[in-house]
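Worksheet: the structure to be examined is printed underneath.
Set out below in structure tokens:
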């Protein structure tokens with residue numbers, strides 16, 4: 072699975088909504104957003120599948136062979152890229168935590184958790 076993205080990301084959100092928690096199995100999703108960047112699949116596009124949760128705008132793209140999160144274009148005019156799927160360094164820092172009212176109860180003071 073290889074792709075390239077040409078252009079810049081406008082936002083980098085850490086989303087704490089319950090849908091993103093379920094998608095990632097973690098406290099939040101880390102997604103980059105762009106209204107102008109272009110996604111080009113170089114290999115493996117045939118293995119990309121997408122799912123939109125019925126009744127919502129919540130969608131995700133992933134590899135149907137290995138389950139890896141992948142860039143998605145389901146929302147018209149918007150490229151959404153899971154930050155962890157990139158092989159290159161992310162050029163911007165997160166711009167905001169969003170949907171924090173749904174934040175997981177255990178997602179507090181994580182910087183205090185011991186490193187092992």
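Numbering (my numbering), first residue to last: 72 to 187. Glycine included, each C-beta is placed from N, C-alpha and C at the ideal position.
Could you tell me the boundaries of the beta strand (DSSP E) in which residue i lies?
i, result
"residue 109", "109-114"
"residue 149", "Where residue 149 is concerned, there is no enclosing beta strand (DSSP E), given that its DSSP letter is neither H nor E."
"residue 85", "82-86"
"residue 121", "119-123"
"residue 75", "73-77"
Taking DSSP as the reference, what is the three-state secondary structure of residue i?
i, result
"residue 143", "strand"
"residue 181", "helix"
"residue 105", "strand"
"residue 134", "strand"
"residue 166", "coil"
"residue 98", "coil"
"residue 127", "coil"
"residue 159", "coil"
"residue 176", "coil"
Which stretch, first to last residue, makes up the alpha helix (DSSP H) that contains residue i?
i, result
"residue 93", "89-95"
Taking residue i and residue j to be in contact with their CB atoms under 8 Å, please state how far apart those CB atoms are, rounded to whole angstroms.
i, j, result
"residue 144", "residue 150", "6 Å"
"residue 76", "residue 110", "6 Å"
Once you ignore the five residues that flank residue i on each side, which residues in its own chain have a CB closer than 8 Å to its CB?
i, result
"residue 156", "139, 140, 141, 142"
"residue 73", "112, 113, 114, 115"
Residue i: buried (16+ other C-beta within 10 angstroms of its C-beta) or exposed?
i, result
"residue 153", "buried"
"residue 94", "buried"
"residue 89", "exposed"
"residue 214", "This structure leaves residue 214 out entirely; the chain is present only between 72 and 187."
Say yes only if the C-beta of residue i is nearer than 7 Å to one or more non-hydrogen atoms of the ligand NAD, and no if none qualify.
i, result
"residue 147", "Because no ligand of any kind appears in the structure shown, any question about the ligand NAD cannot be addressed here."
Please work out which residues of its chain come closer than 6 Å, Cβ to Cβ, to residue i, disregarding the five sequence neighbours upstream and downstream, and give them in chain order.
i, result
"residue 161", "154"
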